[in-house]
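Chains as they are written, first to last, in our numbering: chain C, 3 to 349; chain F, 121 to 410.
Using N, Cα and C, we set each Cβ at its ideal position, and we do this for glycine too.
Bear in mind that the values here come from a model prediction, so they are computed numbers and not experimental data.
Here's the structure, in structure tokens; my notes come after.
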């Protein structure tokens with residue numbers, strides 16, 4: 003555990019080497035960079051309505067990636083991540099409108115507020131495990147919602163509109179919000195990838211496989227999970243701030259709605275829990291379903307819930323799991339594979 | 121002296137919370153399964169009772185005779201047909217995901233079938249009748265009945281767990297599932313009966329709730345949260361702790377609401393957080409939350 007290989011391939015004893023990147027992953031990396039570059043140029047080629055849809059897409063991708071980091075890697079099945087979406091929204095509102103801080107700087111500060119609040123939250127919620135941890139985080143999210151609803155400076159139960167946004171030109175604000183959303187969405191995936199490739203990824207894998215043994219080998223179980231929780235809180239708050247920078251109207255029922263977490267869960271489960279690719283696939287599927295089924299009202303959520311239940315029961319590793327099993331692809335290689343230096347034949 | 125009245129009303133409200141918490145506590149105790157659709161299933165029971173009352177003109181109290189066995193059956197099949205599959209391998213993720221998915225499915229199905237309108241069950245005169253103790257203190261018959269039913273259900277469950285063959289199977293699978301199976305206990309069937317009993321208590325709770333107050337398809341999660349708080353405040357793994365937890369939560373909410381109407385539910389949450397911070401084993405609990 004003292005030295006973690008960071009280069010792509012490291013010699014291991016016995017005529018073998020540890021392989022990380024594969025040809026497929028390098029090809030996909032280049033394709034991914036091209037896609038990000040095309041998306042970053044979005045304001046040049048996309049209609050405003052498309053940009054708004056993509057803002058929703060990127061922020062949901064960030065939320066789902068953060069939830070996946072929690073539940074898929076750290077075993078922290080939180081159903082209270084809406085707390086951080088709400089805190090991000092209200093953090094933005096407070097710093098931009100009440101304190102008059104720069105609008106876009108306020109987004110970053112709102113993220114930090116979420117991470118700060120996550121410290122006492124984790125201290126309490128970590129006393130519960132498994133399913134009770136799940137409801138515990140939900141109760142704490144409800145506490146934040148009720149407290150915010152009772153503060154009249156923040157608009158109480160009826161909420162407020164972000165006034166600082168009106169100082170900016172409409173198009174300029176949309177472009178800036180779009181780039182910010184793209185940065186948050188891509189940033190979330192990159193942060194998850196980098197974290198999992200490093201020591202933290204090894205520690206999390208060890209904890210997932212055998213918590214007691216990992217602890218006895220010197221893995222700081224509490225510290226590791228705590229760190230992941232803080233990162234997820236920061237990411238969700240940042241995403242929450244960007245979401246409301248786009249929506250402008252902040253209301254406690256909506257900002258702290260359990261639906262945010264429900265969407266994160268559906269996306270990650272359908273895409274594939276415990277893989278970095280899963281939330282990306284899941285967010286795409288989620289958006290396609292949302293666009294096609296939006297006319298069916300509540301039936302849409304019934305269907306989404308049913309798909310999530312069936313995937314959990316029948317194909318636990320989700321859509322990406324099915325793809326990876328057939329193709330052996332790994333777009334974000336976080337595993338270490340031991341490979342013979344003198345292979346007899348291909349793979 | 122109004123606070124005496126508040127405490128008494130809070131205790132009576134606590135009876136309802138204990139009734140909701142019983143099933144959650146039982147399922148967790150026997151198979152470490154936290155059913156996130158717990159509250160929504162109680163609302164299903166309330167809507168089934170409503171559908172019966174709309175078709176046959178009877179007092180909703182009588183619907184217990186149909187709804188309780190029905191929900192027992194639903195629980196049994198739900199466990200055998202679905203939830204048992206989430207318990208394989210000991211991964212905590214699948215049970216949470218599946219029951220959360222169920223919760224969303226149930227809420228939205230109820231919304232499609234019964235609309236978002238507030239509904240209520242009319243039990244007639246018993247709803248308003250009360251015993252006057254003094255000018256400022258009156259005890260409603262129905263809340264009193266709720267508390268008595270809550271205690272009776274908990275006492276009955278305690279008897280089943282400590283005195284019967286079934287209870288022994290519950291305790292055995294709870295302590296050591298592998299060894300219990302070696303001794304010839306079919307743990308899947310035991311789990312199914314436990315969920316059946318849990319949903320039978322949930323059915324009673326749902327009907328009582330429907331008579332006491334109005335309900336909509338979306339109030340299930342609130343019921344789950346209150347039940348969960350009662351279980352944690354009272355202490356995991358303690359039947360009488362669940363009753364104590366329900367009563368404490370009821371009193372906290374009633375007193376909180378006296379300070380300011382918006383603070384009732386919040387006061388309950390804060391008591392829950394205080395217990396989690398300072399006494400994580402709960403008031404009467406023997407085990408650390410696990």
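Looking only at 260/F, 196/F, 165/F and 202/F, the smallest Cα-Cα distance to residue 125/F is reached by 260/F. Listed along chain F are 148, 154, 348, 351, 352, 356, 409 and 410, each with a C-beta nearer than 9 angstroms to that of residue 134/C. In the assembly as shown, residue 379/F is an exposed residue. Its beta-carbon has fewer than 16 other beta-carbons within 10 Å.
Residues are counted here when their Cβ sits less than 9 angstroms from a Cβ of chain F; for the region 125–151 of chain C these are 125, 126, 127, 129, 130, 131, 132, 133, 134, 135, 136, 137, 138, 140, 141, 142, 144, 145, 148, 149 and 151, given in chain order.
Residue 325/F has a beta carbon lying at 8 angstroms or more from every beta carbon in chain C. The residue from 294/F, 272/F, 162/F and 128/F with its alpha-carbon nearest to that of residue 146/F is 294/F. In the three-state DSSP reduction, residue 200/C falls in the coil class, being neither helix nor strand. At a cut-off of 8 angstroms, the C-beta of residue 161/C has no neighbouring C-beta in chain F. The count of Cβ pairs closer than 8 angstroms, one atom from the region 137–152 of chain C and one from the region 368–388 of chain F, reaches three, so the stretches are in contact. DSSP places residue 251/F in the strand class (E or B) of the three-state scheme.
By DSSP's assignment, residue 163/C forms a beta bridge with 251/C.
When DSSP states are grouped into helix, strand and coil, residue 79/C belongs to the coil group.
Look at residue 77/C: its C-beta is under 8 angstroms from a C-beta on chain F. Rounded to the nearest angstrom, the Cβ distance from residue 70/C to residue 335/C is 17 angstroms, too far for a contact under 8 angstroms. In this chain, the beta strand (DSSP E) harbouring residue 258/F covers 258–260. Per the C-alpha coordinates, the member of 215/C, 106/C and 285/C positioned closest to residue 244/C is 106/C. For residue 334/C, the three-state secondary structure derived from DSSP is coil.
Ranked by Cα distance from residue 136/C, the options 119/C, 260/C, 298/C and 332/C are led by 260/C. Around the C-beta of residue 374/F, 16 or more other C-beta atoms lie within 10 Å, and the residue is accordingly described as buried. Only residues of its own chain outside the window of five on either side were considered, and among them 121, 122, 124 and 125 have a CB closer than 8 angstroms to the CB of residue 256/F, listed in chain order. In the structure shown, residue 335/F adopts extended strand secondary structure according to DSSP, grouped into three states. Only exposed fits residue 154/C, as fewer than 16 other CB atoms lie within 10 angstroms of its CB. Under the three-pair Cβ rule at 8 angstroms, the region 110–117 of chain C counts as touching the region 88–98 of chain C.
Looking at the backbone, the Cα of residue 161/F and that of residue 55/C are separated by about 35 angstroms.
Using a C-beta cut-off of 8 angstroms, the region 213–223 of chain C makes no contact with the region 59–74 of chain C, since fewer than three inter-stretch Cβ pairs fall below that distance.
Inclusion of residue 64/C and residue 203/C in the CB contact set at 8 angstroms is not warranted, their separation being larger than that value. A buried status is given to residue 356/F, since no fewer than 16 other beta-carbon atoms sit within 10 Å of its beta-carbon. When Cβ pairs closer than 8 angstroms are counted between the two stretches, the region 188–198 of chain C is seen to touch the region 229–242 of chain C, the count reaching three or more. Only buried fits residue 74/C, as 16 or more other CB atoms lie within 10 angstroms of its CB. Boundaries for residue 207/F: no alpha helix (DSSP H) harbours it, and the DSSP string shows neither H nor E there. By the Cβ neighbour-count rule, residue 191/F is buried, with 16 or more other Cβ atoms within 10 Å of its own.
As for any beta strand (DSSP E) of minimum length 3 sitting wholly inside the region 266–342 of chain C, the runs are 339–342, ordered along the chain. If you look at residue 144/C, you'll find it in the alpha helix (DSSP H) that goes 132–151. Within the same chain, Cβ atoms closer than 8 angstroms to the Cβ of residue 246/C are found at 90, 91, 94, 95, 164, 252 and 257, the five residues on either side in sequence being excluded.
With respect to chain C, the C-beta atom of residue 221/F has a partner C-beta closer than 8 angstroms. By the rule that beta-carbons nearer than 8 angstroms mark a contact, residue 282/C does not touch chain F.
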